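Numbered continuously in numbering that gives the first Met the number 0, the sequence shown closes out at residue 231.
Below is one structure, written out as structure tokens; comments come after it.
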Amino acid sequence: MEQIPTHSSNDSLKRIKQIQERLDLGIQPIIDSLALNVGHLLEAKGTLFNDSQILLSCDQIAFVLSVIPNQYRPSKKISLLYRASRDGWYFKDFHRLCDNQGPTIVLIKCRKGRVCGGYSRLPWTSPTYAGVLKPDKDATIFSVDYRQAFPVLDKNQAVFHHHACGPNFGNGVLRLYKEPMNCENGGGCYCEFQTETYRVAADHDGNSVMTGEGKSTFSCFTCKELEVYLIK
0 MEQIPTHSSN DSLKRIKQIQ ERLDLGIQPI IDSLALNVGH LLEAKGTLFN
50 DSQILLSCDQ IAFVLSVIPN QYRPSKKISL LYRASRDGWY FKDFHRLCDN
100 QGPTIVLIKC RKGRVCGGYS RLPWTSPTYA GVLKPDKDAT IFSVDYRQAF
150 PVLDKNQAVF HHHACGPNFG NGVLRLYKEP MNCENGGGCY CEFQTETYRV
200 AADHDGNSVM TGEGKSTFSC FTCKELEVYL IK
């Protein structure tokens with residue numbers, strides 16, 4: 000009869016300990032990295048977007064920060080330039096507080112509860128007569144709910160500046176173009192089959208992932224809150 004090898008309990012314990020030590024060596028860096036990331040998230044919640052009424056969690060904040068190119072990403076403070084519910088819903092209110100300031104993050108809370116926005120390195124301006132398309136290779140628009148970013152495809156049409164509209168990415172791909180900016184269907188967001196400037200995805204219902212609306216409203220949505228932050 001074949002002899003089945005046996006091991007003492009000490010040998011078994013020794014082998015288990017060796018395996019555990021090897022696992023610890025592999026897992027510990029991961030644990031350390033996670034702890035560091037959690038620490039950064041907690042720090043971000045305390046200093047970055049700490050006064051936002053749109054971004055309500057560390058996870059949301061971390062995603063929005065991730066859409067900013069590394070070389071422009073802030074580390075200590077982001078300044079709230081404008082909140083529509085506080086400062087006014089008209090184009091002049093937006094331009095009075097946001098023009099010529101610097102790189103910005105625009106945050107939009109939509110009627111359906113979705114949160115979306117855009118980043119541009121160019122300061123907003125308000126040409127009086129004709130609107131101006133401006134180039135920005137780093138511009139992007141994003142859906143916070145779906146954790147999706149949509150970088151600009153045609154950098155020469157990244158943003159549209161005009162005194163008679165609010166934030167406008169891609170000449171209408173994501174824009175607030177009616178006054179007051181929280182009026183019914185006062186915003187527009189075009190999905191991927193309608194534009195080549197930014198390629199925005201549709202959700203399973205055929206609406207924009209960014210706004211939760213559009214399929215039955217000719218790509219329009221209703222804004223419930225708007226915030227603009229200075230990135231420095």
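Virtual Cβ for every residue (Gly too), placed ideally from N, Cα, C.
What you are looking at is a predicted structure, and each value in this text was computed from that prediction instead of being measured.
query, result
"Would you call the segment 204-218 in contact with the segment 53-72, where contact means no fewer than 3 C-beta pairs closer than 8 Å?", "no"
"Give me the residue from 181, 173, 218, 187 with the minimum Cα distance to residue 87.", "181"
"Excluding sequence positions up to five away, which residues of its chain have a Cβ less than 6 Å from the Cβ of residue 189?", "172, 218"
"For residue 228, which of 100, 92, 91, 149 has the nearest alpha-carbon?", "100"
"What does the Cβ neighbour count give for residue 119, buried or exposed, with the cut at 16 atoms within 10 Å?", "buried"
"Just the Cα atoms here: how many angstroms apart are residue 35 and residue 91?", "Model confidence at residue 35 stands at a pLDDT of 47, short of 50, so the residue's coordinates are unreliable; what they give is reported in the following sentence. Taking the straight line from one Cα to the other gives about 43 Å."
"Any beta carbon from chain D within less than 8 Å of residue 97's own beta carbon?", "This model lacks chain D altogether; it includes just one protein chain."
"Is the Cβ-Cβ distance between residue 131 and residue 160 less than 8 Å?", "yes"
"If you scan the segment 74-136 from start to end, which runs of the beta strand (DSSP E) of 3 or more residues do you find wholly inside it?", "77-82, 103-109, 114-119, 131-133"
"Where in the segment 158-215 do unbroken runs of the alpha helix (DSSP H), each at least 4 residues long, occur, reported from the N-terminal end onward?", "none"
"Please classify residue 205 as buried or exposed, where buried requires at least 16 other C-beta atoms within 10 Å of its C-beta.", "exposed"
"Quick check on this structure: which residue in 69, 80, 202, 70 has the alpha carbon closest to the alpha carbon of residue 48?", "80"
"Could you give the distance in angstroms between the alpha-carbon of residue 168 and the alpha-carbon of residue 200?", "15 Å"
"Could you give the DSSP three-state label for residue 142: helix, strand or coil?", "strand"
"For residue 68, which residues in the same chain have their Cβ closer than 7 Å to its Cβ, ignoring the five residues on either side in sequence?", "137"
"Consult DSSP for residue 147 and reduce its assignment to one of helix, strand or coil.", "strand"
"Distance, Cα to Cα, residue 83 vs residue 224?", "6 Å"
"Do the CB positions of residue 186 and residue 220 come within less than 8 Å of each other?", "yes"
"Decide if residue 196 is buried, meaning its Cβ has at least 16 other Cβ atoms within 10 Å, or exposed.", "buried"
"Considering residue 63, what are the terminal residues of the alpha helix (DSSP H) in which it resides?", "57-65"
"What residue does the beta strand (DSSP E) around residue 223 start on, and which one ends it?", "222-230"
"Is the Cβ-Cβ distance between residue 133 and residue 163 less than 8 Å?", "no"
"Taking its Cβ as the centre, do 16 or more other Cβ atoms sit within 10 Å of residue 127, making it buried, or is it exposed?", "exposed"
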